[in-house]
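Colleague: Residue numbers for the sequence shown follow our numbering, beginning at 43 and rising by one.
This is the structure I have questions about; it appears just below.
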Amino acid sequence: MNKYLLDVYNPFTVEFLYGKGSTLFDKKRKDYIDFTSGIGVNCLGHGNKKLVETISKQAKKFIHLSNIYPIKTQKECAKKVAVLSGYKNMQGFFCNSGAEANEAAIKFIRKYAKNKGIKKHNIITLENSFHGRTLATLNATGQKDKQLGFEPFPNEFIYAKDLEDIKNKINKNSVAVMLELIQGEGGIKAFDKKELQNLNNYLKEKDVLFVVDEIQTGIYRTGEFLASNFFELKPDIITMAKGLAGGLPIGLMMTNKKNIFKKGDHGSTFGGNPLCTKTAVEVLNILEEKYKAKKIQNTIGLFQKELENILKKNKKLFSSKSGIGLMLGLKLKEEKKLQSLLEICLKNQVLVLKSGKDIVRFLPALNISKEEIKLGFKRFQKSLDELK
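Now the structure itself:
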């Protein structure tokens, strides 16, 4: 606990000095293999030369202007995202985080509902979803334990149990369905492709907006640019953040609905600033090149193979593997062992995450090396041996 900081986090005791690739170093210069990438943010690892050069070069010009002036890199970034996603008819709004991107989406939906003449609209999300920690996004998050102590919330959100239940919950006041295609905090749960496509079609028939939260699944995390591409969906609104700028704070809300927001309806002081958007363009260029060269796909194949081997060797500990691409989880048979395992892994110099109550989560950088993967899983297996 620090006397100058609010005590809202519960960090581990190890403090890192610097990183290189997918390896971090502490004060004693001990190396740690990073299977977390800052919870999916550092998609190109630590200290990437091209990113450092891009950031330095842009910082020498200017870091921040204001949205009262045109920002060239902002336009370039929005176009790049639209082209890579294949949703070329979408327009974007830049902000600073995933929660802010989802806030923008919720505010946009409210305006859309008002334009349609719906006075008491509702938005449907899923139980065990996670959409952020601001008041509106916390309301959207279908987890009562995370909402506890911050009530009351407006009756804007309805929580469905699963994809089929969404259809049961839709009524005349339903304006949108907001969904993670793989639940990041809810257990690395990936939904069935056919069921998602059926839901997408059903929502279009009912004239209900399909909003996809790509905060964690986007930017090639699943092997495709967006999880929406992986599942072959056509959302009306997409939100993204995390890996978009390789570590710098950025968020983006994109939509195919025109003329809803008017000038002055929304804004952000720092959103879409030159430093973050220039860096994001560089991140997208690097990853596009790696995707075309099959490097991301090869990394996914190797990482998943190693994870499968871990599952086969440790059937007494784990019941199943979940996830897609490099957003993966192993389900522990005994949830009480989860926190102990994370701490043992840290001691053995490999960083992993948790999801829900019983999932060990893996979110490595998209360019993690073969050597780092091998060494990381060797240390992970050592940790499992100690846990037994």
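Think of the CB as a built atom: it goes at the ideal place given N, C-alpha and C, for glycine as much as any other residue.
1) Assign R421 to one of two classes, buried (16 or more other C-beta atoms within 10 Å of its C-beta) or exposed (fewer than that).
2) List the DSSP bridge partners of K231.
3) Identify whether Q258 lies in helix, strand or coil by the three-state DSSP scheme.
4) Taking just the CA atoms, how far does D278 sit from V94?
5) Measure the CB-CB distance between V254 and I280 and report whether it falls below 8 angstroms.
6) Taking DSSP's pairing of strands, which residues face L251 in a bridge?
7) Are the beta-carbon atoms belonging to V56 and A155 less than 8 angstroms from one another?
8) List in chain order: all unbroken alpha helix (DSSP H) runs of 4+ residues lying wholly within the segment 75-122.
9) Which same chain residues, not among the five before or five after F345, have their C-beta less than 8 angstroms away from its C-beta?
10) Measure the C-alpha to C-alpha separation of K373 and S397 and round it to an integer number of angstroms.
11) Please report the Cβ distance between K276 and N242, rounded to the nearest whole angstrom; I am assuming they are in contact, meaning their Cβ atoms lie under 8 angstroms.
12) What residue range does the alpha helix (DSSP H) around R152 cover?
13) In angstroms, rounded to a whole number, what distance separates the CA positions of V250 and L384?
14) Within the segment 175-206, note down every full alpha helix (DSSP H) run reaching 4 residues or more, in order along the chain.
15) Quick check on F136: does DSSP put it in helix, strand or coil?
16) Count the other C-beta atoms from every protein chain shown that fall within 10 angstroms of the C-beta of M43, then say buried if there are 16 or more, exposed otherwise.
17) Which one of E350, C387, E376 and K299 has the shortest CA to CA distance from K130?
18) Note down, in chain order, each residue of its chain lying with its Cβ closer than 6 angstroms to the Cβ of S362, except the 5 sequence neighbours on either side.
19) Closer than 7 angstroms by C-beta to A322: which residues in its own chain qualify, once you throw out the five before and the five after it? Chain order, please.
20) With DSSP run on the structure shown, which of helix, strand or coil describes T321?
21) Give me the DSSP bridge partner(s) of S171.
22) Using DSSP with H/G/I as helix, E/B as strand and the rest coil, what is K299?
23) By how many angstroms is the C-alpha of G140 removed from the C-alpha of Y46?
24) From the DSSP secondary-structure annotation, give me the bridge partner or partners of D68.
25) Here's the rule: buried if 16 or more other CB atoms are within 10 angstroms of the residue's CB, otherwise exposed. What is Y60?
26) Could you tell me the distance, in whole angstroms, from the CA atom of G87 to the CA atom of D76?
27) Put R263 into one of helix, strand or coil per three-state DSSP.
28) Is it the case that the segment 258-267 contacts the segment 109-119, given that we only count it when at least three CB pairs across the two stretches are under 8 angstroms?
29) Beta carbon of F419, beta carbon of E350: below 8 angstroms?
30) Looking only at its own chain, which residues have a Cβ that is under 6 angstroms from the Cβ of F272, when we skip the five neighbours before and after it?
31) Could you name the residues of the same chain whose beta carbon sits closer than 7 angstroms to that of T96, not counting the 5 residues immediately before and after it, in chain order?
Modeller: In terms of the structure at hand:
1) buried
2) Q225
3) coil
4) 35 angstroms
5) yes
6) Answer by DSSP bridge pairing, in chain order: A218.
7) Not in contact: V56 and A155 (Cβ atoms no closer than 8 angstroms).
8) 79-82 and 91-103
9) L368, L370, F404, P406, I410 and I415
10) 9 angstroms
11) 6 angstroms
12) G140 to N157
13) 41 angstroms
14) 177-182 and 186-189
15) strand
16) exposed
17) K299
18) K373
19) Excluding residues within five positions, the ones whose Cβ falls inside 7 angstroms are C119, L286, A287 and I292.
20) helix
21) Answer is none; S171 lacks a bridge partner.
22) coil
23) The alpha-carbon atoms of Y46 and G140 are separated by roughly 26 angstroms.
24) According to DSSP, which records beta bridges pairwise, D68 is partnered with F58.
25) exposed
26) Each residue's alpha carbon lies about 9 angstroms from the other.
27) In the structure shown, R263 sits in coil (DSSP, three-state: anything other than H, G, I, E or B).
28) no
29) no
30) T264 and E266
31) K320, T321 and E324
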